[in-house]
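*Asks:*
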Amino acid sequence: MPYELIAILMFSSMMLMLMTGQRVFGAIGAVGAIAAMALWGTGGFNIPFSSAMKLMKWYPLLTLPMFIFMGYILSESKIADDLYKMFHVWMGPIRGGLAIGTIGLMVLVSAMNGLSVAGMAIGATIALPELLRRGYDKRMVTGVVQAGSSLGILVPPSVVLVLYAMIARQPVGQLWLAGVVPGLVMAAMFVLYIVIRCRLQPELGPALPEDERNIPLAEKLRLLRAGVLPVAIFAAMMVPFVNGWTSLVESSAIGAMAAFTAAILKGRMTKAVLEVSVRQTLAISCMFMWIILAALSFGAVFDGLGAVKAIDHLFTNQLGLDPWMILVLMQLSFLLMGTFLDDTAMLVIVAPLYVPLVHALGFDLVWYGILYTITTQIAYMTPPFGYNLFLTRAMAPPEITLRDIYGSIFPFVCVMLLALSLIMVFPEIALWLPNYVYGK
Amino acid sequence: MPNFIKTYVRVVDAVNYRLGRIIMYGIFVMVGILLWSSISKTFFLPSLWTLEIAQFAMVTYYILGGPYSVQLGANVRMDLFYGNWSDRKKASFDAFTVLFLIFYLGVLLYGGIDSTTYSFKYSERSPTAWRPVMWPIKVIMCTGILLMLLQSISELIKDIAKIKGLKL
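As you go down the protein sequences, you meet chains A and B in turn.
Following my numbering, the numbering of the first sequence begins with 1 at its first residue and continues without gaps.
Following my numbering, the numbering of the second sequence begins with 1 at its first residue and continues without gaps.
(1) Starting from Arg268 (chain A), follow the alpha helix (DSSP H) in both directions and report where the run begins and ends.
(2) To the nearest angstrom, how far is it from the Cα of Ile33 (chain B) to the Cα of Ala57 (chain B)?
(3) Closer than 9 Å, Cβ to Cβ, to anything on chain B: give me those residues from the stretch 229-260 of chain A, in chain order.
(4) Output the distance between the C-alpha atoms of Asp94 (chain B) and Ala235 (chain A), rounded to the nearest integer angstrom.
(5) Label Lys138 (chain B) either buried or exposed according to how many other C-beta atoms from any shown protein chain fall within 10 Å of its C-beta, with 16 as the threshold for buried.
(6) In angstroms, rounded to a whole number, what distance separates the CA positions of Ile405 (chain A) and Pro2 (chain B)?
(7) Where does Arg18 (chain B) sit, in a helix, a strand or coil, going by DSSP?
(8) Going along chain B in order, which residues have a C-beta closer than 8 Å to the C-beta of Arg134 (chain A)?
(9) What separation, rounded to the nearest whole angstrom, lies between the Cα atoms of Val355 (chain A) and Ala168 (chain A)?
(10) Comparing C-alpha positions only, which one of A:Ala259, A:Val415 and A:Tyr438 sits nearest to Pro182 (chain A)?
(11) Sort B:Ser37, B:Leu168, B:Lys158 and B:Ser152 by Cα distance to Pro67 (chain B) and report the nearest one.
(12) Check the Cβ-Cβ distances between Gly29 (chain A) and every residue of chain B, and say whether any is below 7 Å.
(13) To be precise: take each residue of the stretch 145-162 of chain B, compare its Cβ to all Cβ atoms of chain A, and keep it if any distance is under 7 Å. Which residues remain?
(14) Is any beta-carbon of chain B found at less than 7 Å from that of Leu282 (chain A)?
(15) Mark Trp324 (chain A) as exposed unless 16 or more other C-beta atoms lie within 10 angstroms of its C-beta, in which case mark it buried.
(16) For Lys78 (chain A), which residues from the same chain have a beta carbon less than 7 Å from its beta carbon, with the 5 sequence-adjacent residues on both sides left out?
(17) Near Val442 (chain A), what residues of its chain come up, given a Cβ to Cβ distance below 8 Å and the 5 sequence neighbours on each side ignored?
(18) For a cutoff of 7 Å on Cβ pairs, would you count Val76 (chain B) as touching chain A?
(19) For the alpha helix (DSSP H) that contains Val107 (chain B), what are its first and last residues?
(20) Using only CA atoms, which one of A:Gly439, A:Tyr438 and A:Leu431 lies nearest to Gly450 (chain A)?
(21) Tell me whether Val12 (chain B) sits in a helix, a strand or coil according to DSSP, three-state version.
(22) Along chain B, which residues have their Cβ under 7 Å away from the Cβ of Thr20 (chain A)?
(23) Please list the partners that Asp87 (chain B) has in chain A, where partner means a Cβ-to-Cβ separation under 7 Å.
(24) I need the DSSP call for Val155 (chain A), collapsed to helix, strand or coil.
(25) Please state whether DSSP places Arg169 (chain A) in a helix, a strand or coil.
(26) What in chain B is Cβ-close to Phe45 (chain A), meaning under 7 Å?
(27) Straight-line CA distance for Ile53 (chain B) to Phe43 (chain B)?
(28) So Gly66 (chain B) contacts chain A; which residues on that side make the cut at Cβ distance below 7 Å?
(29) Leu175 (chain A) and Val366 (chain A): beta carbons closer than 7 Å?
(30) Name, please, each residue of chain A whose Cβ falls closer than 9 Å to the Cβ of Asp114 (chain B).
(31) On the three-pair Cβ rule with 8 Å, is the stretch 29-36 of chain A touching the stretch 290-297 of chain A?
(32) Do Met395 (chain A) and Ala121 (chain A) have their C-beta atoms closer together than 7 Å?
(33) Any idea what DSSP makes of Val133 (chain B), helix, strand or coil?
(34) Among the residues of its own chain, which have a CB less than 8 Å from the CB of Ala161 (chain B), if the five just before and after it don't count?
(35) Would the stretch 49-56 of chain A and the stretch 111-118 of chain B be scored as touching if the rule is three or more Cβ pairs under 8 Å?
So this is what it looks like as structure tokens:
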């Protein structure tokens, strides 16, 4: 049987298995194991376990439980409430200011953790009810929270980029730095959208009434202190890392410790918070690790087939496509898949297939990592199967229906697509910072 | 359901639950190791052993914690169709597809035992400066995979009970 055919067979049987709703790691792992045995007989028996050993050797993976833990502490202990108050008072007087403030809040939360869940939880439980009470349009603010929280995986520290780094064999540090400017650019574009929208339709985001604006300056300045916490946690993580005193993994442990200490000092580390954060960290870490484990054995078989070379050959030589055209096509198919594939599944299935192809086409893999992350962000949010959509439903106030949630994301997805194309056309947006720091 | 099957499900679930409840605090062990690593690196001589001990801790954490995460229902499924099915239909599909999961875990365990016996026979050491022996971590991994296998079988039994409308 030709290798292309085996590759297609493997891929389609995996999709079929996934459709049955079995646990993702079981579906991927079983197809990998069966293919390995069919191809290499008893020699194939050892492939799944040797992937487990490979996984152990991959040191940066230790950051995963650390950042998940950090995220849960932040969202469970609610140490970020004051942050919202700060933005509320400072941004409130402007039209649409609270929505802009929420984006700011999301950027700060993103800088303290690597998943979008924490931002989602903080946005949906703290910011959303306030915004609704102030008469903000519910569709717009639901979109704001969803789009804002998705920045969590682009702004460092980012768990998605850690996983990408493993698959693409690229340095995590460079990828994280590459995420900084695009993350900020995207946040700025969200803000711009809110400003324009509220200028055209002032009823969407009314400014705070006069009597609420009269807050003494001393009080206003006191509230700024809330901003110290994220800056301190971020600095505790990043300063030793950038100066080369600690490795990335050690820094992530410092960050986890810093968040934990902050929660204790603020008197928010109750028994219930500890229980939920520790248990959820185990649950989510295991979920990720077992999927990666299974995906590695699947990937090992796939690599062994040389399937990627065959696909590359098909596109460039036989169809005569330009590398850029292939890249655009890949992003489009990626977006399409993102609308119906679970995000975690997408991460581990699509990346091993696309990343080597991108490399073979001669593109920069750090840059592609950013494109990849933004596409994942969009996929997170697009119906019918966005992870964020369901999270929002679970966490947001009851007056926000699933219809509102679906309707809310459209303009933000457009903004994100615009950002995606900007970074595609101008790779410098992503690559400038890592090149500057690492002096390429 | 025969009594021994009921006992099996009860024992496996209880053992994995207890183990998971202990393992989940392993996050603090990992934080501790890494913090010690950064402190010793900055103020004293860097320790040779921290990197590998941290890796071993991580593997122990996720392999031994795996069965408990299955109990918590943390493992994502693609819910394109699955999400809309009735509990009975979910159970009947699971009862079949979990066999694939069991097969995968079986292959994983086979490879694990193979690799562990190799480690014992040649007292394999990690090719690093610290040179730890490899068999302890491999034994932990095999134990975890075995427990995961037992947990999957327990899930299968629970699904069959659900289809037949029996109580366990």
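Every residue, glycine too, gets a C-beta built ideally from N, C-alpha and C.
*Replies:* According to the structure shown:
(1) Arg268 (chain A) -> no alpha helix (DSSP H), and no H or E assigned at all.
(2) 9 Å
(3) Pro240, Trp245, Thr246, Ser247, Val249, Glu250, Ser251, Ser252, Ala253, Ile254, Ala256, Met257 and Phe260
(4) 47 Å
(5) buried
(6) 49 Å
(7) helix
(8) Residues of chain B passing the Cβ test: none, with the nearest at roughly 35 Å.
(9) 6 Å
(10) A:Val415
(11) B:Ser152
(12) yes
(13) none
(14) yes
(15) exposed
(16) Arg268
(17) Because chain A is modelled from 1 through 440, residue 442 (chain A) falls outside the range shown and cannot be assessed.
(18) yes
(19) Asp87 to Lys121
(20) Nothing can be reported for residue 450 (chain A), as the shown portion of chain A is limited to 1 through 440.
(21) helix
(22) Phe93 and Thr97
(23) Here the premise fails: no neighbours, minimum Cβ distance about 12 Å.
(24) coil
(25) coil
(26) Val107, Tyr110 and Gly111
(27) 20 Å
(28) Cys286 and Trp290
(29) yes
(30) Phe45, Asn46 and Phe49
(31) yes
(32) yes
(33) strand
(34) Met1, Lys167 and Leu168
(35) yes
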